[in-house]
Structures are given as structure tokens and as C-alpha cells.
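S.K.: Please see the structure below; I have some questions.
In the numbering used here, the protein residues as written are -19 to 679.
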């Protein structure tokens, strides 16, 4: 910051005057400085003036000036000399002092302090942050100043450490679990009931008989077991011979064999010397060129026979060109009685579908247009079914249990009988009480759930809404089509694909079991891709069992069933079962989530910490922000001024006839080349001189 040229005894300006810019300036905390003091105000918009109060300026102007001194007046580019009367000099000095005082009182639009020390001193003296004033009030006691400085900045560090903990907890997006109990009339869920055994459909009956014959011979070779089979009549012997050869060729490609446990060496012929406890049973699966084979091995012979039979059974089903040929519903012969809420069911209350392993399945209350509602809880206000559990003309090698399979699920959700179903025993009345439970999760950053599955990178192959199991099965089926060039029969068929059949896809079994191993190990990534839905409904079930019908009532019950439903009375208890499904109570539970940390909670916690460590408010934070902005602005101004000063050219040497007064030379150069002065942001003195003509007087 520059100083004004001082003329001895004249109306000069001391070093302690303020530095002000037109519109943008810097100011010291003390206001008007004293003579001989440091610069207190720096202007970013124009010249610099080193101002004093009016009384100080007048006193300097009038004190110790000889009357014989001359003044140089610069007028219109010429210099004149002459003597100035004492009264006129006094009057001019007073006028200049008054004008200077008025300019000192005028402030710029934006002003900054002249140094970092002044800025810091003003902040500590005037801020509302507790403890800041201790940094400047005890300058004479350096020990106190150092102590309070360490304490102040240590407190700042602890404060922002607490801030970091709060921010980390906020951005972890914790949730609160809200448990609500609601009481209302409940919509009855969908109930799916399956026969538990696949039926010998007429479209595939001949091939199934052939498969049974091959299985009979296989069991005879492996276990020396002669299985009795109920064969259906074939049309002609030539047809039987031709189809048998075709099926036998594919069965021999995947033979069922026994293996020793330690070395897994297959034995093509019977070896009675080998203990049966050391056997493992499985079948061989090879690639299309037979270069790579592996054994699908089971420790249980029952599991091995069922899996091997199921593998060939699926191939037979896949060969049926029209799936409607398997749609042989026999509702009356399976459901003997149906009643809901004391009213009889009809065909409009159920839908039918075929399951490869569980046979004919019937879903009740799946029609969204007319859903059942439970007016009261209890066994009399639910669904009651009497079902047939006989196994005439079923497939004994595919299912080893008897009874029926029941699953309770929500509407518009597929019935995955393997996951959520349970079996109903013959001759038993099974009473199933339900409790409804809804789960509502927060989406977005709070959890990895999905609203409708549209943001999941897996195509939904089912004609139902999104569920996690729907997504997982769709993911496996799409990978199956991609890797094996055909679709697995248990899952829906993608567009443009066909079901796997070893008459068309020779090595699909090898590809399927390899892919299944990768799927279970999550190599395919289906369990990571498929996310939970944000809203789901579940039913908590509890079952009770009792003998039905009782010993004293079974005679008349079986007689009535035989008269009305053509029930085989010789089957007695093993051919019938009863199922009751009802709500246990009206109350249902809703598990909801709410954010544990909201923006309001975060601001409240931050304010608590700020008040704890510094006892201040939001306005104190704004004061701290203002300090940072002032620091940046002063740094920018001083850096810019330093950069411009390095680029400024040094003034030219004075001509031989020029005046030897240094102040006069500076002023003359300013008049001759005003455009060569400093940048308007840093121009400190030249602006006022060039504008006013600058009179050198009081000499």
C-alpha cells in the first residue's frame, strides 16, 4: 500500500490515513488512523488517500509555515510560481480538510481489511463464538494467548470429529422398525391344492408304460427287485416294439448305475461280492461329443431312482406339442366337498393348472374380480375341503408319498409348491390357522428393495407380479436358454425358445446339471440380481391334526361319500382327507420402516454439538463463513496486486529541463500518460491527482 508524497509544512497527508477505493475497499477496525500510523484502508476501485480527521489536517496545514514559501500551481499544462497570502492559504487548507473529512466518512459498497492480522483481530473481538475474544484480549500475556489458542483449536477439532460421526451415521441410512396392529375385515388369501401325484395322461400313457418297463429291468439288474407294474393296453405289438427301441436308445445314453463310494468306479455287471452299504447310485451325463462326462451320484438309491425317472419323465412331457393335452381336470373326483364361510363353492371360485410333479392343482380365490372376505375369524368362517387321496392309475416311481399338498399365498402370485407347500395326510383332518403379516420397506438409499421389479436386470417370465422367487426362477430359465439352447420344462417358456428334449437336444441333461451346480453356488449371480420387493404379504401358518372321520362316524361318512361322489368304500381311511383353512384372529401385523435419521434430525444433532462446544447459533456459523470469504477475497486482492506490480513498467527518466521536484515529476507523468498507470483495482494515488489537476502548494 502506497503513501502520499509529503510536502514539508503544507497540506500533506500522513501515512496513517485510510486507503479507500471507489466502491470496493478495505477498512481497519479502528476507523480513522493517526498521523504516522500504518495504512488502514485499501481500495480496490481507484486511488488511495491517506486521510486524517479535519482537526489534524488543519493543524498540520497551519503549523510552522513560513510566509515566504512559494507554491507551484499546475494549470492547463503550465507551471506558475507565486506567493500565497496567509489568509488564503488558511482558507484553502480548511476547505481541503473538510472535504477530506467528508470523503473519510463515505464508505465503499464492499470493503475489506488491509491485512490478515486486522481481519482476525476484528473477528475475534466481535464474533458471538465463545472463547474467540480470548485470542486477542491478552496479548501481553503470551502464556494465556497460547493456552486459549490451543484450547480453541482443540475444541474445533473435537467438534468436527463429532460432526464426522453424525454424517457417517446419517449416510449409512439407518431405519426404525415400526410395528402396527390393525383390526379389519380380511381378504382371504389364495389357496392351492395339488393331488401330490402326477396323473397318467392319455397323451403320454404309452411312453410312460415303456419307461416303467425299462425302470423295472434296471431295478431288477441293480437290486434284484421284481417290481409289479400295471400296464395299459397298447394298440399293437409293432408300435410297442418301435417306440420302445426309440425310448430305450435315449435311456441307455443316461444309464442308472451303481458305484463304489471310495473310487466311484462304475460296475457294468452285478458284483455280489461288493457290500451294498458301499454302493452309490447315479447316472451318467455326457456332452454332445461324449468327450466330457460326469456322474450325478446320490447316496440314497430311492433318491437316485426318482431323479433318474424324473429326468426321463420330463423329456416325455416336453415331446407333447400342445400343453393343453395335459389339461385333464377332474375336479369332482378330487374335491369331494368345498365350503367357504358356510357357503358352497362352485367352479367360478377356482382355477386349474398342471404341475409336472404334483399333477392336477386347483387354486381357490384367485379371481381378483370377486375375492372372498372373512367376516369373522374361526374354523366356520374359512375354507373347508374334503379331498380324495387315492392313488389309482398314478405313477409310483415319481412320487413316494400319498395325500395332498396345500399352499397358502397371496393373489397374483404363482404357487411354488416346492417352497411354501406342505402335505395333508390321508384319514386326518388338518386345521390350518393363519395370521396375516405385511412388510413395507423403504426403498432408495435405505434398502435394496424394488417397487415392481422394473429396475431388476432380469426379465419376468411369469404372468404375475414381481416376487423374489419369480425373479430367481426367471433368471435360471434365461441362463438355461442362453447356455443350453433350450428351456427347462418346470419354468415358463421364453419367447422364441423351446423346451429341452433329448430327441432334439442330445446333451441338454449334461448342460442342465452343470448349470444347476453353478446356480446353487451363485456363480450365475441370480441371488444378487433378484432383490426383495418393498411391499410383500406373508401368512404365518400353524396346523393342528385330528383323526377324521372318527371310529364311530366313519361308516355313515364313507357311505354318504360313496353314494354322492362314487367313493370306493373299500379304501376306507387311506383314500380321503379333510382340510380347514381359516384366520385365527382379525388382527394383522404391519412391519413398516421409517428413517432413523432425517435432515431435521441431522440439523438438530449438529446444532446440539455446536452449542455444546461453542455455545453459539446459526448466525455464528454465518460469521465464520464470512471470515472465510473475507480471507479468500483479501488473498485474491493482494495476489492480484502483486502480480500486476511485477508486470508494471518502471517510470522513464526525466528530461534535462524537467523540474527536479520528485512529487512534481510523478504528477507530470501521471498527466501525460494516465493509461499507463496501475489496474483500476490497484490504482491507489493517481486517480485523484489526474482528476483534480493536483496543486502543489503550501511551500
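Backbone N, C-alpha and C define an ideal beta-carbon position, used for all residues, glycine too. Quick caveat, the model's predicted, so the values are computed rather than measured.
Could you have a look at residue 431 and say whether DSSP puts it in helix, strand or coil?
M.R.: coil
S.K.: With which residues is residue 177 paired in a DSSP beta bridge?
M.R.: None, per the DSSP bridge assignment.
S.K.: Measuring straight from C-alpha to C-alpha, what distance separates residue 331 and residue 478?
M.R.: Straight-line measurement puts the Cα of residue 478 at about 25 angstroms from the Cα of residue 331.
S.K.: If we require 4 or more residues per run, which alpha helix (DSSP H) segments fall completely within the stretch 95 to 180?
M.R.: 96 to 106 and 122 to 151
S.K.: Which residues in the same chain as residue 640 place their Cβ atom closer than 7 angstroms to its Cβ, once the five residues preceding and following it in sequence are excluded?
M.R.: With a pLDDT of only 49 at residue 640, under the threshold of 50, the placement of this residue in the model should not be trusted; the figure read from the coordinates follows. The answer is none, since no qualifying residue turns up.
S.K.: Going by the CB atoms, is the gap between residue 198 and residue 236 shorter than 8 angstroms?
M.R.: yes
S.K.: What does the Cβ neighbour count give for residue 563, buried or exposed, with the cut at 16 atoms within 10 Å?
M.R.: buried
S.K.: I'd like to know whether the C-beta atoms of residue 108 and residue 603 end up nearer to each other than 8 angstroms.
M.R.: yes
S.K.: Give the DSSP bridge partners of residue 273, in chain order.
M.R.: For residue 273, which the question treats as bridged, DSSP gives the partners 266.
S.K.: Thinking C-alpha only, which one of 359, 316 and 145 is nearest residue 560?
M.R.: 359
S.K.: In this structure, how does DSSP classify residue 300 when only helix, strand and coil are distinguished?
M.R.: coil
S.K.: Indicate whether the contact test is met: 3 or more Cβ pairs, each with one atom in the stretch 420 to 435 and one in the stretch 146 to 164, closer than 8 angstroms.
M.R.: yes
S.K.: Name the DSSP beta bridge partners of residue 558, please?
M.R.: In the DSSP output, where bridge partners are listed per residue, residue 558 has 366 and 409.
S.K.: Measure the C-alpha to C-alpha separation of residue 433 and residue 537 and round it to an integer number of angstroms.
M.R.: 50 angstroms
S.K.: Using the Cα positions of residue 34 and residue 626, report the straight-line distance between them to the nearest angstrom.
M.R.: The predicted position of residue 34 is uncertain, since its pLDDT is 45 and thus under 50; a value taken from the coordinates is nonetheless stated next. Their Cα atoms are separated by approximately 36 angstroms.
S.K.: Using 8 angstroms as the Cβ pair cut-off and three pairs as the minimum, do the stretch 316 to 331 and the stretch 348 to 357 touch?
M.R.: yes
S.K.: Beta carbon of residue 350: closer than 7 angstroms to some heavy atom of the ligand COA?
M.R.: Ligands displayed in this structure: none; no statement on the ligand COA is therefore possible.
S.K.: Starting from residue 520, follow the beta strand (DSSP E) in both directions and report where the run begins and ends.
M.R.: 515 to 527
S.K.: What did DSSP end up calling residue 313 once you bin it into helix, strand or coil?
M.R.: Residue state, collapsed to three classes: helix.
S.K.: Can you tell me which of 137, 391, 105 and 437 puts its alpha carbon nearest to the alpha carbon of residue 589?
M.R.: 137
S.K.: Ordered along the chain, which non-local residues of its own chain (more than five positions away) have a Cβ less than 6 angstroms from that of residue 473?
M.R.: 467
S.K.: Please classify residue 509 as buried or exposed, where buried requires at least 16 other C-beta atoms within 10 Å of its C-beta.
M.R.: That one is exposed.
S.K.: Out of 427, 504, 492 and 383, which has the shortest C-alpha to C-alpha gap to residue 572?
M.R.: 427
S.K.: Kindly list the residues whose CB is nearer than 7 angstroms to the CB of residue 704, restricted to its own chain and excluding five residues on each side of it in sequence; keep chain order.
M.R.: What the structure shows of the chain is the stretch from -19 to 679, and residue 704 is not part of that stretch, so it cannot be assessed.
S.K.: Return the Cβ separation of residue 425 and residue 147 in integer angstroms, given the expectation that the two are a contact with Cβ distance under 8 angstroms.
M.R.: The pair is not a contact, with the Cβ atoms about 14 angstroms apart (cut-off 8 angstroms).
S.K.: Of the choices 112, 288 and 262, whose alpha-carbon is the least far from that of residue 279?
M.R.: 262
S.K.: Within 8 angstroms, do at least three Cβ pairs link the stretch 593 to 603 to the stretch 97 to 117?
M.R.: yes
S.K.: So, is residue 375 buried or exposed, given that buried needs 16 or more other C-beta atoms within 10 angstroms?
M.R.: So residue 375 counts as buried.
S.K.: For residue 506 and residue 469, I'd like the C-alpha separation in whole angstroms.
M.R.: 19 angstroms
S.K.: Does the Cβ of residue 520 have 16 or more other Cβ atoms within 10 Å, making it buried, or fewer, making it exposed?
M.R.: The residue in question, residue 520, is exposed, as its Cβ has fewer than 16 Cβ neighbours within 10 Å.
S.K.: Would residue 455 pass as a contact of residue 495 if the rule is Cβ separation under 8 angstroms?
M.R.: no
S.K.: Assign residue 485 to one of three DSSP states: helix, strand, or coil.
M.R.: coil
S.K.: Find the nearest neighbour of residue 408 within the set 445, 369, 440 and 391, judged by alpha-carbon distance.
M.R.: 369
S.K.: Restricting to Cα atoms, I'd like to know which of 449, 471, 491 and 528 is closest to residue 465.
M.R.: 491
S.K.: Using the C-alpha atoms, what's the distance from residue 450 back to residue 394?
M.R.: 8 angstroms
S.K.: Could you tell me whether the stretch 608 to 628 touches the stretch 163 to 173, using the rule of 3 or more Cβ pairs below 8 angstroms?
M.R.: no
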